[in-house]
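If you number the sequence shown the way this note's numbering does, the last residue is 516 and the count never jumps. Using N, Cα and C, we set each Cβ at its ideal position, and we do this for glycine too. Just so it is clear, the structure is predicted and the values come from calculations on it, not from any experiment. What follows is one structure encoded as structure tokens, with my remarks underneath.
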Amino acid sequence: MRGKKVVAWLLMLVMVIGIMPLAAKTVKAANYSYNKGSVTINSDGSVTIDFTLAEVDQTQVLYGFGLCLFEEKPDLLDNDKLVDSGKTFYDSDVCKHVYHQELANPIPEGTYNDTFQITYPAGSLDIVGFDTNGGQISRDAGVNLKEALDSGKDWYIVVGVRTSFGGVQHTNCDLYLGQVSDITGGDNFVPHEHHWNYGVKENKIYAWCDSEKLKCEYYATNQDDAKLLDTLTADDMVYTGEPYVGGTVTNNIADVTGATMSTITYYNSNNEVLDTPPTNVGDYYVTVTLTDGQGGAYTAKDTFTITPVDISSGTINTDITDKNNPPATIKITLDGKERTLTVGTDCDIVFDDADPSKVKVVGKGNYKGTITTEIKKDNSSLTNGGATNNTNGGSATNISQSGSTNTTTSNTATTTSTTATNTTATNTVAENTTVAQDDGDVDEEDADDEEDEDDEDAIDTSNGNSGSTTSTTSYTTTGGSPVTGYDGIVRVMMIIMMIGLAGTVASARKLKENTK
1 MRGKKVVAWL
11 LMLVMVIGIM
21 PLAAKTVKAA
31 NYSYNKGSVT
41 INSDGSVTID
51 FTLAEVDQTQ
61 VLYGFGLCLF
71 EEKPDLLDND
81 KLVDSGKTFY
91 DSDVCKHVYH
101 QELANPIPEG
111 TYNDTFQITY
121 PAGSLDIVGF
131 DTNGGQISRD
141 AGVNLKEALD
151 SGKDWYIVVG
161 VRTSFGGVQH
171 TNCDLYLGQV
181 SDITGGDNFV
191 PHEHHWNYGV
201 KENKIYAWCD
211 SEKLKCEYYA
221 TNQDDAKLLD
231 TLTADDMVYT
241 GEPYVGGTVT
251 NNIADVTGAT
261 MSTITYYNSN
271 NEVLDTPPTN
281 VGDYYVTVTL
291 TDGQGGAYTA
301 KDTFTITPVD
311 ISSGTINTDI
321 TDKNNPPATI
331 KITLDGKERT
341 LTVGTDCDIV
351 FDDADPSKVK
361 VVGKGNYKGT
371 ITTEIKKDNS
381 SLTNGGATNN
391 TNGGSATNIS
401 QSGSTNTTTS
411 NTATTTSTTA
421 TNTTATNTVA
431 ENTTVAQDDG
441 DVDEEDADDE
451 EDEDDEDAID
461 TSNGNSGSTT
471 STTSYTTTGG
481 SPVTGYDGIV
491 RVMMIIMMIG
501 LAGTVASARK
511 LKENTK
């Protein structure tokens, strides 16, 4: 009887010893529950996690949390929770790193049922490695979380509690948080091979990455949502005489994607390529082409116009003096700069019929508007301000009389602008007769009183010849016009008539004396 009792006790002891390890492995995942909140990988490599944790059987003390990195996605998942966290966690071929974050004050069993926010610093942490049998082999403080995230792998992250069971602490990573590239901020630590798409619309070229697996900051599904954009801009310009410089293009697409962006090409309105940027007035357009390196080319286009410059506010620097011989070029000052305009190409010269003193310069071609100015007088052939200098003040006529013959002596005097011609006339004058001439009037004097026939003392008969007297008469014109034309002819005829009358009177007196 005593032997049977000993055997029974031994069997019970064996059963207890065999069951204890099995219980230790099966109760780990059954003592708490999760509700996953937000997960953020910060730019410095730290990880912030929000989740709700509730104890189920109120038998475990909460000492901290563990963060596990897996190269492959765990396949034992049920609503983001590992079905067998212990097995998955201890499989070194899947779980590569475990980071411990201890609580300053452990939470006693049966008291935690709350929302937690845990941040894993980027610096060195309590890092645990495992051998192929799931055994802990080392704690390495030389590898930090940021270095692991930045190592070039798109890790799968699992978080879990660090609790105690039977006096032993266990880290059970059983809540699946997601892949690094899917977690907010995680793509900064994941090498990403972009899948670029390109599009063009008028003067804009677009680029976007459509990779669904590894989203990046340039992710989009079409060009309307694209964040990369190059814009070709060509502003209008007023003619300056200088080549057009208004075309610009942003070039960030090529900088990011590695595509090739061409330089700006200029075209005229006939779609002809220009070797250099245009200068003259007209309608033009520009293009740039992006080449993606895979045979794709995307061309943007924008138009612009060079318009004529208005000369109305300018001033003319060229004198216009001759309506029949206008200058070939006109120089004007416009906006502080002197420009030379070719008549017929850049402007026309228009004379004002209503005001002959005015002339207009009308812009054409590269110029528009009108400038009105005065016609300048040409004084190059004038002396003394345009006055006429006369040496003798006109013409002088001198008449002299000797004996019975009157001789009119005439000389031709030539001055700067006036020529006076004097006429010579010879007439026979009876003796004892004096002819006086003054400005065309004739005064007649008898040597003896014509009325007094008895007075013979006035007749000199000592030699039996008639007496002779000499009279010199001077006729001079001073200033004004010479004695020419109709007035001159009249004066000469009057002089001849007076001389003839004087001769007739003398002949009559002589006949009378002889009759006596």
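Cβ-based burial, residue i [other Cβ within 10 Å; buried from 16]
i, result
"Val190", "buried"
"Val56", "exposed"
"Pro327", "exposed"
"Gln60", "buried"
"Asn427", "Its pLDDT being 44, under 50, Asn427 is placed unreliably in this model, and the value from its coordinates should be taken loosely. Buried, by the Cβ-count rule."
"Gly309", "Going by the sequence as given, residue 309 is Val instead of Gly. Burial call: buried."
"Thr276", "exposed"
"Val47", "buried"
"Gly247", "buried"
"Ile496", "exposed"
"Gly123", "exposed"
"Leu103", "exposed"
"Gly363", "buried"
"Val286", "buried"
"Asn172", "buried"
"Asn180", "Inspection of the sequence shows that residue 180 is occupied by Val rather than by Asn. Its Cβ being crowded by 16 or more others within 10 Å, Val180 is buried."
"Gly500", "exposed"
"Pro74", "buried"
"Asp174", "buried"
"Lys146", "buried"
"Tyr99", "buried"
"Asp346", "buried"
"Ala297", "exposed"
"Asn270", "exposed"
"Ala148", "buried"
"Asp353", "exposed"
"Asp230", "buried"
Contacts around residue i, its chain only, beta-carbon distance under 6 Å, and the 5 residues preceding and following it disregarded
i, result
"Val442", "Low local confidence applies: a pLDDT of 41 at Val442 is under 50, so the model's placement there is unreliable, with the coordinate-based value given in what follows. Excluding sequence neighbours, Val442 sits near Met498."
"Asn35", "Thr52"
"Ile107", "Leu62"
"Asp114", "none"
Beta-carbon separation (whole angstroms), residue i vs residue j, contact threshold 8 Å
i, j, result
"Asp150", "Gly45", "7 Å"
"Asn280", "Asn366", "6 Å"
"Ile264", "Val249", "7 Å"
"Gly185", "Ser43", "7 Å"
"Leu62", "Thr163", "6 Å"
"Ile306", "Ile183", "No, Ile306 and Ile183 are not in contact; Cβ-Cβ is about 55 Å, not under 8 Å."
"Thr303", "Ala234", "7 Å"
"Ala207", "Asn197", "7 Å"
"Lys227", "Glu217", "7 Å"
Residues near residue i in its chain [Cβ-Cβ closer than 8 Å; skip 5 each side]
i, result
"His195", "Cys209, Asp210 and Ser211"
"Asp357", "Correcting the residue identity first, residue 357 is Ser in this sequence and not Asp. Contacts found: Glu374 and Ile375."
"Leu77", "Val83 and Tyr176"
"Pro243", "Thr276, Pro277, Pro278 and Thr279"
"Asn188", "Ile41 and Ser43"
"Ser33", "Leu53, Ala54 and Val56"
"Lys201", "Gln223"
"Lys301", "Glu202, Asn203, Leu232, Tyr285, Val286 and Thr287"
"Ala338", "The question names Ala, but residue 338 is Glu in the sequence shown. Result list for Glu338: Asn317, Lys331 and Ile332, in chain order."
Own chain, CB closer than 7 Å to residue i, minus 5 neighbours either side, in chain order
i, result
"Thr333", "Gly314, Thr315 and Asn317"
"Thr372", "Lys358 and Lys360"
"Tyr112", "Leu53, Glu55 and Leu62"
"Ser262", "Val288 and Thr289"
"Phe116", "Phe51 and Leu53"
"Val273", "Thr265 and Tyr267"
"Thr340", "Thr329 and Lys331"
"Gly178", "Val39 and Ile157"
"Gly369", "Asp310, Ile311, Ser312 and Gly363"
"Gly531", "With the chain covering 1 to 516 only, the question about residue 531 has no answer from this structure."
Exercise for the section: Count the CB pairs spanning the region 258 to 265 and the region 235 to 245 that are closer than 8 Å, and state whether there are at least three. Expected result: Result no; under three Cβ-Cβ pairs closer than 8 Å.
Handout entry: Touch test, the region 246 to 256 against the region 286 to 295, Cβ-Cβ under 8 Å, three pairs minimum
Key = Enough Cβ pairs lie closer than 8 Å, so yes.
Handout entry: Any 3 or more C-beta pairs closer than 8 Å across the region 307 to 327 and the region 357 to 376
Key = Contact holds: three or more Cβ-Cβ distances are below 8 Å.
Problem - Contained beta strand (DSSP E) runs [length at least 3] in the region 314 to 347, N- to C-terminal order - result: As for any beta strand (DSSP E) of minimum length 3 sitting wholly inside the region 314 to 347, the runs are 329 to 334 and 337 to 342, ordered along the chain.
Practice task
Check whether the region 146 to 165 touches the region 55 to 72, taking contact to mean three or more Cβ pairs, one atom from each stretch, closer than 8 Å.
Solution key: The region 146 to 165 makes contact with the region 55 to 72; the number of CB pairs closer than 8 Å reaches 3 or more.
Practice task
Could you name each continuous alpha helix (DSSP H) segment of 4 residues or more that falls completely within the region 142 to 210, going from the start of the chain to the end?
Solution key: For the region 142 to 210, the full-length alpha helix (DSSP H) segments reaching 4 residues or more read 145 to 149 along the chain.
Problem - Start-end ranges of the alpha helix (DSSP H) lying completely within the region 209 to 287, minimum 4 residues - result: Complete alpha helix (DSSP H) runs here, min 4: 252 to 257.
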